[in-house]
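Asks: Each step along the sequence shown adds one to the number in our numbering, with nothing skipped, and position 56 is 1255. I'd like to ask some things about the structure below.
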Amino acid sequence: MQLFKSQVVRVTNSLSGKKEVFNPIKAGYIGMYVCGPTVYSNVHLGNCRTFMSFDMIYRYFKHLGFKVRYVRNITDAGHLENDADEGEDKIAKKAKLEQIEPMEVVQRYTVDFHNTLQQFNFLPPSIEPTATGHIIEQIEIIKDILAKGFAYEVNGSVYFDVVKFNETNEYGKLSGRKLEDMIANTRALAAQDEKKNPQDFALWKKAEPQHIMRWPSPWGDGFPGWHLECTAMSTKYLGETFDIHGGGMDLKFPHHECEIAQAEASNQKSPVNYWLHANMLTLNGKKMSKSTGNNLYPSEIFSGDNNLLSKPYSPAVVRFFMLQAHYTSILDLSDDALLASEKGYSRLMEALGNLESLVATKKGEFDIEAWRNNCYKAMNDDFNTPILISHLFEAVKHINLIKENKERISESDKELLQKTIHEFIFDVLGIENQSAMEGDSNTLSGVVELLIELRNSARINKDFATSDKIRDELIALGIQLKDGKEGTTFSIN
Ligand SMILES: [Zn+2]
């Protein structure tokens, strides 16, 4: 179904600072790039919120019938500790600390990232490219920018010449900064600094002998600058100009500003039509920070193993909580807020159950068509999930009234309500019905327990053919039986 033909979506474009009508370059198709994680530590909750915002946006566009190519990268090299091209590579530092290979660090935290996102029910992106898999493409862009005169080589490193670029282009247009102000507010370059101007940024950095992540290049052994990978991978998979580029608010400057500069210097084209930025997550009113202890990992929320929480919360509840705020607003997480979301989530899921068993009679008071239009209106208005959720609760109110025979619903209205509410909760918001899933696993446990009992009686009757058959068939299904003193237990792989 091509719903997008009848729905007009408006998005807040950071480039203009305004809400604009979204028009893709090619009708029916969307190219979307989102900056992925630097895989040197467990993914934190703030990052999960950013990726969840774009997961929801991706889901809504798909729901509208667009064919979306969603590219989200993995930064596995080149991200230094400091945005001013100083400090160690984050991944190499961790590798040294743990005395393992950098790629072991990358593997460990990429797996953690995928597992966590899967728990939150994220859809995988269409392409998930890595920086180290695109070194050649990055070198080609550097050569191009050098040839066009917007970069210079010093001592095996290549820097982007921001001042030169700003003569013909506008550096700072995304973050609303002026280069003159930046220059006035920065310290003078130290004598040993290789850069011409403090605002210049590295496209390629020479690797010192002790640097473990290094690749050969026309300028000697080194590694690419962090900003460059996103330009290389977005251009490769989405073209020189594509529809949407997303990321966390904190990436607007310098990362995204530098991406624009690199692409414009290389292609003389603006790379992105709509820049979307997701806002941050705070914890108990304060910025999350490992050093102050005001910090929470997804696994700690799911297990409840953190003294900031009174109990564990399921991934679906946390997802519901996050989508109750607009993606461009700051969201504060607290135990109270999660408790409230959990109640709301249960009410919503309970109403879904009630909806199935409603008896349709004749047309009632609840105008489903108008309600459905309001749901679309909310999402079309810059993906306003809190308003959408308030409409979902409007439906909950009516479902409960119909259940109590205080209102009526016709068969066709009931069908439309079911279809719409399922689409918005499960497809668009991506919120899973955890109790249904728990119900499934309870059923499975019951069946396995029954088979264990049958196997035990077969063994007592010396019917080993049957008892072995039960054990082997269960193994084939990924269920292991373990006989112990306390009886037989099982585990599911
Ligand atoms: Zn990026």
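Yeah, the Cβ is synthetic: ideal placement off N, Cα and C, and Gly gets one too. Everything numeric in this text was worked out from a predicted model, so none of it was measured.
Give, in chain order, every unbroken run of the alpha helix (DSSP H) that is at least 4 residues long and sits entirely within the segment 1324-1383.
Replies: 1334-1346, 1361-1367
Asks: Nearest-angstrom Cα distance between residue 1220 and residue 1471?
Replies: As a position in the sequence shown, residue 1220 is number 21, starting the count at 1. As a position in the sequence shown, residue 1471 is number 272, starting the count at 1. So the two alpha carbons sit approximately 15 Å from each other.
Asks: Taking the alpha-carbon positions, what's the residue 1691 to residue 1331 distance?
Replies: Taking the first residue of the sequence shown as position 1, residue 1691 is located at position 492. Taking the first residue of the sequence shown as position 1, residue 1331 is located at position 132. If I take the Cα positions, the gap works out to 36 Å.
Asks: Between which residues of its own chain and residue 1528 is the CB-CB distance below 7 Å, once the five residues before and five after are set aside?
Replies: For the purposes of this step, residue 1528 is identified with residue 329 of the sequence shown, where counting begins at 1. Excluding sequence neighbours, residue 1528 sits near 1478.
Asks: What are the boundary residues of the beta strand (DSSP E) that residue 1403 is part of?
Replies: Looking up residue 1403 in the sequence shown gives position 204. Run containing residue 1403: 1400-1405, per the beta strand (DSSP E) assignment.
Asks: Please report the distance separating the alpha-carbon of residue 1239 from that of residue 1406.
Replies: Your numbering for residue 1239 matches position 40 in the sequence shown. Your numbering for residue 1406 matches position 207 in the sequence shown. Residue 1239 and residue 1406: Cα-Cα distance of roughly 19 Å.
Asks: List, from N- to C-terminal side, the beta strand (DSSP E) runs of 3 residues or more that fit wholly inside the segment 1494-1578.
Replies: 1530-1532
Asks: DSSP state of residue 1601, grouped into three classes?
Replies: Within the sequence shown, the letter at position 402 stands for residue 1601. In the structure shown, residue 1601 sits in a helix (DSSP, three-state: H, G or I).
Asks: Quick check on residue 1679: buried or exposed, where buried means 16 or more other Cβ atoms within 10 Å of its Cβ?
Replies: The residue labelled residue 1679 in the question sits at position 480 within the sequence shown. By the neighbour-count rule (16 or more Cβ atoms within 10 Å), residue 1679 is not buried but exposed.
Asks: Can you list, in chain order, the residues of its chain whose CB lies under 6 Å from that of residue 1228, leaving out five sequence neighbours each side?
Replies: The residue you call residue 1228 lines up with position 29 of the sequence shown. The answer, listed in chain order, is 1266.
Asks: Which residue's Cα is closest to the Cα of residue 1216: 1403, 1424, 1421, 1475?
Replies: Taking the sequence shown and counting its residues from 1, one reaches residue 1216 at position 17. Cα-wise, what sits closest to residue 1216 is 1475.
Asks: For residue 1500 and residue 1506, what's the separation of their Cα atoms in angstroms?
Replies: Reading the sequence shown from its first residue, position 301 is the one you call residue 1500. Reading the sequence shown from its first residue, position 307 is the one you call residue 1506. Taking the straight line joining both Cα atoms gives about 10 Å.
Asks: Are the segment 1250-1264 and the segment 1482-1494 in contact at 8 Å, needing three or more beta carbon pairs?
Replies: No, they do not touch.
Asks: What does the alpha-carbon distance come out to for the pair residue 1466 and residue 1315?
Replies: Here residue 1466 is taken as the residue at index 267 of the sequence shown, counted from 1. Here residue 1315 is taken as the residue at index 116 of the sequence shown, counted from 1. The alpha-carbon atoms of residue 1466 and residue 1315 are separated by roughly 37 Å.
Asks: Residue 1438 to residue 1226, Cα distance in whole Å?
Replies: By one-based count along the sequence shown, residue 1438 stands at place 239. By one-based count along the sequence shown, residue 1226 stands at place 27. The straight-line gap from Cα to Cα measures roughly 16 Å.
Asks: On a Cα-Cα basis, can you pick out the residue from 1312, 1631, 1660, 1287 that is closest to residue 1517?
Replies: Here residue 1517 refers to the residue found at position 318 when the sequence shown is read from its first residue. The candidate whose alpha carbon is nearest that of residue 1517 is 1631.
Asks: Considering residue 1436, what are the terminal residues of the alpha helix (DSSP H) in which it resides?
Replies: On the sequence shown, residue 1436 is found 237 positions in, with the first residue counted as 1. 1425-1437 is the extent of the alpha helix (DSSP H) around residue 1436.
Asks: Just to confirm before moving on: does the CB-CB distance between residue 1597 and residue 1573 stay below 7 Å?
Replies: To locate residue 1597, count along the sequence shown from 1; it is residue 398. To locate residue 1573, count along the sequence shown from 1; it is residue 374. For residue 1597 and residue 1573, no; Cβs fall outside 7 Å.
Asks: Which first and last residues belong to the beta strand (DSSP E) in which residue 1219 is found?
Replies: Counted from its first residue, the sequence shown places residue 1219 at position 20. Looking at the DSSP string, the run of the beta strand (DSSP E) that includes residue 1219 is 1217-1220.
Asks: When the Cα of residue 1603 is compared with those of 1510, 1242, 1569, 1559, which residue comes out closest?
Replies: Translated into the one-based positions of the sequence shown, residue 1603 becomes position 404. Ranking 1510, 1242, 1569, 1559 by Cα distance to residue 1603 puts 1559 first.
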